[in-house]
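Before any comments, here is the structure.
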Amino acid sequence: MAKQISLITLGLFIISLLSGLVLLFAYHPDSPYDSIQKIEYLISYGKLFREIHYFSSEAFFMLLLLHVTVEINKKFKIKAASWIYSVIGLFMVVALLFSGFVLKGDLSAVQAGEVAFSLIKDTPFINGALPLIKDDTMFVWKFFIFHSIFLPIILIYSIFRHIRYITPKNEYLIFALGITLVCLTIFDMPEDLPIFAKTDTVTSPWFFLGAENMLQKGFNPVFVNLFLALPFLFLLLIYKKEAKKLSKIALLIWLVIYVYFSI
Amino acid sequence: MAGGFIYPTYKFVTFKESNNQNLSIPLKDIKEGITFVRKSALFIYKNDKKIDVYSAHCTHMGCILNYFEDKEEFKCPCHKSRFDKNGNLLRGPAKRDLDRIIYKIKNKTLYIG
């Protein structure tokens, strides 16, 4: 079963990557909201490709979390190098999902970008990275560069270092496409809020809801940033046999706390 | 050797032009009450006695505020901080008033930057 999950996860990633490449032809970072609306309502099959990209990416992330859960509960020894690339890959996926959220360029996206800038600016040691993602003349420009070039390259490299001997199989690719199509039939994508909308509430990506609620309750931004980094640290330590049990418990406690803040 | 490559790369990708906003608005175009200037993300508050200019970014996490005329309040849609029309903090999680922007008036025009 573990192998099947890995192959479906890989299939979802390939679908997300290919649909993203198609969307690149119609996306303009100088007018993100307008180009998303064009893709959605004007360009033939634009809505379909956008939904395929969105739902395959979301399903990829969820299957990836399931894959991680299955793998860390296995008894066999994990190779350190392979494991480190897995954790880097997981971080890249979160970064890709977040940058993708910002790229839609609507009101929620702009606000999420501003919160990310503040979180980085307020945190010592990583605040030097702010100019890497913040562009004063074009809000989404650096998010666009990272989302469409650097993050996928690092993720693909991490995946190759991680799996090596597994190659995508057609039946799993078709199954992954099936999952995506079922998702886009059942679920609706989050609504795009016009940039001038005057609203009481904007929503962040679902996986950052816990962090948003912590910030709203007045938690220090540096603490929130460190808290968000913890699961990656625990995951990194899991490959060490002597730390595996403790790391798993810490990860579980972290998850319970984060779910508590998310709901 | 790596450092010799990384530093110029970092400086290149993080290059930033002057931060001056260089905004100019004729006074006759500024209406009484609150005007939102989206491009520069700032609010201009004008009444018969004075003009105040505030950053439209929340002092908590930088979200762009909304102004609600009925309550005469700025509200943060991200984390619910609230400020009155003079930029004073009414409710957290923000911990300080809105940032005031320095401006000058010359030839019946308001200049920022």
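Line by line, the protein sequences are chains R and Y. Once you know that position 165 of the first sequence is 151 in our numbering, the rest is easy, because the numbers rise by one and skip nothing. Once you know that position 17 of the second sequence is 32 in our numbering, the rest is easy, because the numbers rise by one and skip nothing. A virtual CB, placed ideally from N, CA and C, is assigned to each residue, including glycine. Keep in mind that this is a model prediction, so the values were computed, not measured.
Check: Where K121(Y) sits in the DSSP three-state scheme; Outcome: strand
Check: Nearest to F41(R) (by Cα), restricted to the options V168(R), P117(R), L82(R) and K227(R); Outcome: V168(R)
Check: When W240(R), F194(R), A98(R) and H53(R) are compared against F125(R), the one with the closest alpha-carbon; Outcome: A98(R)
Check: CB contact below 7 Å: F103(R) versus chain Y; Outcome: yes
Check: For S190(R): DSSP bridge partner residues; Outcome: According to DSSP, which records beta bridges pairwise, S190(R) is partnered with nothing at all.
Check: CB of N211(R) within 7 Å of CB of L105(R), strictly; Outcome: yes
Check: Beta-carbon contacts of E37(R) that lie in its chain and below 8 Å, excluding the five residues immediately before and after; Outcome: L170 and M175
Check: Neighbouring residues, chain R, relative to V28(Y) (Cβ below 7 Å); Outcome: L118
Check: Sufficient close CB pairs (3 or more, under 8 Å) joining the region 103 to 110 of chain Y to the region 24 to 31 of chain Y; Outcome: no
Check: Exposure of W69(R), with buried meaning 16 or more beta-carbon neighbours within 10 Å; Outcome: buried
Check: C-beta neighbour in chain Y for V126(R), strict 7 Å; Outcome: no
Check: N- and C-terminal bounds of the beta strand (DSSP E) containing S70(Y); Outcome: I66 to S70
Check: K61(Y) (DSSP reduced to helix, strand or coil); Outcome: strand
Check: Within-7 Å CB hit, G137(Y) to chain R; Outcome: Missing from the structure shown is residue 137(Y); chain Y here goes from 16 to 128 and no further.
Check: Sequence-distant residues of the same chain with beta carbon closer than 7 Å to G86(R), five excluded per side; Outcome: S43 and H133
Check: Min CB distance T187(R) to chain Y below 7 Å; Outcome: yes
Check: Contact with chain R by P23(Y), beta-carbon distance below 7 Å; Outcome: no
Check: Test: E100(R) CB closer than 7 Å to a CB of chain Y; Outcome: yes
Check: Proximal residues, the region 168 to 183 of chain R versus chain Y, C-beta separation under 7 Å; Outcome: none
Check: P41(Y) at chain R interface by Cβ criterion, 7 Å; Outcome: no
Check: Reduced DSSP secondary structure (H/G/I, E/B, other) of V52(Y); Outcome: strand
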